[in-house]
Amino acid sequence: MIFEKVEEKDVTQAIVGEFSRMLSEYAESDVIIVGGGPAGLTAAKELASKGVKTLIIERNNYLGGGFWIGGYLMNKVTVRAPGEKVLDEIGVPYQEYVKGLYVTDGPHACSKLIAAACDAGARILNMTKVDDVVLREGNRVAGVVINWTPISALPREITCVDPVSLQAKVVIDATGHDAEVVSALVRRGLMKVRGYGAMWVERSEDAVVEHTGEAHPGLIVAGMAVSTVYGLPRMGPTFGAMLLSGKRAAEVALEMLEKE
Ligand code: 48H
């Protein structure tokens, strides 16, 4: 026999026991990041590396969002300076294509960013969709309402499956174009969203980083969700602003946690 003797129940108990322990522990997190794309992963890496109890919630089975593919179904990812500094931090090689524009392999960059967030200590709930928010006094966002992703794909008549909630001191909406956490506030008339603007690479990325921050009490927006909320131009398949917006979101979250 090559392998250790282990029974089926041991395998089941290992999965159920460890998952339940993690979910129970992170039912009260410091920061919940909704969306595991480049902005959410960068924020998670920064926060977890500073000892912040950080949970990423991702509706897909896989993390990475749009960072696997650079655009047009081609897996070369571009980053404008100074975004390549994040690639340096996570150890991803790249080439300068024209001055200030770097190109790297999407799968390499994306897998390293995921690994960096995990290595830093961020926890991940995948196949989990955020459907709503928890609100407290002054309509401060105090957590998120989650359900298994497949629940939303089932016919309505058989989906009376109530969700559960997780509490957090700070929530980051890093859900990309749809700004899904913000949308839960828009549905209640608590926020307005302008929708992202037309493509203008040169203007877009500075604006995203500059607008990254607390958009509603308890809620930070990061990445493409920032463009959606503030009506900023889109940048197409170039990712420097997603990485630096993630970093900025982490800085703002740390400031908010310090004030707690
Ligand atoms: C749980 C959710 C939910 C939900 C969505 O789209 P992303 O890659 O987002 P960013 O902002 O990190 O990066 C945007 C970039 O990929 C991009 O598309 C660019 C730069 N476009 C420019 C342009 O001009 O179009 O990742 C968001 C993640 C995804 O993994 C989603 O599955 C996840 O969020 N997500 N997770 N609950 N309700 N909604």
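Sequential numbering of the sequence shown, starting at -1, is according to this note's numbering. In this text, a Cβ means the ideal position worked out from N, Cα and C, and glycines have one as well. Note that the structure is a prediction, hence the values are computed from the model and not measured.
Cβ contact check for the segment 153 to 172 and the segment 219 to 233: 3 or more pairs under 8 Å | yes
Mind checking whether the beta-carbon of V191 lies closer than 7 Å to any heavy atom of the ligand 48H?
-> In the sequence shown, the residue the question calls residue 191 occupies position 193. Answer for V191: no, Cβ out of range of the ligand 48H.
Say the cut is 7 Å; is the CB of P161 nearer than that to a heavy atom of the ligand 48H?
-> Locating residue 161 in the sequence shown gives position 163, where the first residue counts as 1. Answer for P161: no, Cβ out of range of the ligand 48H.
Please indicate yes or no: does the CB of A107 lie closer than 7 Å to some heavy atom of the ligand 48H?
-> Along the sequence shown, one-based indexing puts residue 107 at 109. Incorrect: A107 has no Cβ contact closer than 7 Å to the ligand 48H.
Rank Y60, N58, L61 and A42 by C-alpha distance to the C-alpha of T52 and give the top, closest one.
-> Walking along the sequence shown from the start, residue 52 turns up at place 54. Out of Y60, N58, L61 and A42, A42 has the C-alpha closest to the C-alpha of T52.
Rounded to whole angstroms, what's the CA-CA distance from E135 to S163? Just pull it up for me.
-> Here residue 135 corresponds to residue number 137 of the sequence shown, with the count starting at 1. Here residue 163 corresponds to residue number 165 of the sequence shown, with the count starting at 1. Straight-line Cα distance between these residues: approximately 17 Å.
What is the residue span of the alpha helix (DSSP H) that Y228 lies within?
-> Within the sequence shown, residue 228 is the residue found at index 230, counting from 1. It spans M222 to Y228 - the alpha helix (DSSP H) in which Y228 sits, taken as one unbroken run.
Along the chain, where does the beta strand (DSSP E) that runs through L99 open and close?
-> Working through the sequence shown from its first residue, we reach residue 99 at position 101. L99 to D103 is the extent of the beta strand (DSSP E) around L99.
Within the present structure, is the beta-carbon of V128 separated from the nearest heavy atom of the ligand 48H by less than 7 Å?
-> For the purposes of this step, residue 128 is identified with residue 130 of the sequence shown, where counting begins at 1. Correct: V128 has its Cβ closer than 7 Å to the ligand 48H.
Closer than 7 Å: is that where the CB of G38 sits relative to any heavy atom of the ligand 48H?
-> The residue you call residue 38 lines up with position 40 of the sequence shown. Yes, the ligand 48H has a heavy atom inside 7 Å of this Cβ.
My guess is that I112 and G62 are in contact by the Cβ rule of under 8 Å, so how many angstroms apart are they, rounded?
-> Against the sequence shown, residue 112 aligns to sequence position 114. Against the sequence shown, residue 62 aligns to sequence position 64. The Cβ separation is near 6 Å, so the contact holds.
Using 7 Å as the cut-off, classify the Cβ of R57 as near or not near the heavy atoms of the ligand 48H, replying yes or no.
-> Taking the first residue of the sequence shown as position 1, residue 57 is located at position 59. Yes - the ligand 48H has a heavy atom lying nearer than 7 Å to the Cβ of R57.
Just how far apart, CA to CA, sit I258 and A213?
-> If you number the sequence shown from 1, residue 258 lands on position 260. If you number the sequence shown from 1, residue 213 lands on position 215. Going by the sequence as given, residue 258 is Glu instead of Ile. About 18 Å.
Status (buried if at least 16 other CB within 10 Å, exposed otherwise) for A177 = Residue numbering aside, residue 177 sits at position 179 when the sequence shown is read from its first letter. Looking at its Cβ environment, which holds 16 or more other Cβ atoms inside 10 Å, A177 is buried.
Within 10 angstroms of the Cβ of F237, are there 16 or more other Cβ atoms? Answer buried if so, exposed if not.
-> Taking the sequence shown and counting its residues from 1, the one referred to as residue 237 is at position 239. With 16 or more other Cβ atoms within 10 Å, it is buried.
Taking three-plus beta-carbon pairs below 8 Å as touching, is the segment 33 to 41 in contact with the segment 60 to 80?
-> yes
Under the three-state DSSP convention, the category D28 falls into | By 1-based counting over the sequence shown, the position of residue 28 is 30. Strand.
CB of I122 within 8 Å of CB of E56, strictly | To locate residue 122, count along the sequence shown from 1; it is residue 124. To locate residue 56, count along the sequence shown from 1; it is residue 58. It is a contact, given that the beta carbons lie within the stated cut-off.
Identify whether K110 lies in helix, strand or coil by the three-state DSSP scheme.
-> Translated into the one-based positions of the sequence shown, residue 110 becomes position 112. Note: K110 maps to helix in three-state DSSP.
Going by alpha carbons, who is nearest to G193 out of S18, V227 and S181?
-> Locating residue 193 in the sequence shown gives position 195, where the first residue counts as 1. The residue with the shortest Cα to Cα distance from G193 is V227.
Complete runs of the alpha helix (DSSP H) confined to the segment 136 to 186 [at least 4 residues] = 178 to 185
Output yes or no for whether 8 Å exceeds the beta carbon distance between V179 and V224.
-> Walking along the sequence shown from the start, residue 179 turns up at place 181. Walking along the sequence shown from the start, residue 224 turns up at place 226. Contact flag unset, no.
Beta carbon of R121: closer than 7 Å to some heavy atom of the ligand 48H?
-> Residue numbering aside, residue 121 sits at position 123 when the sequence shown is read from its first letter. No.
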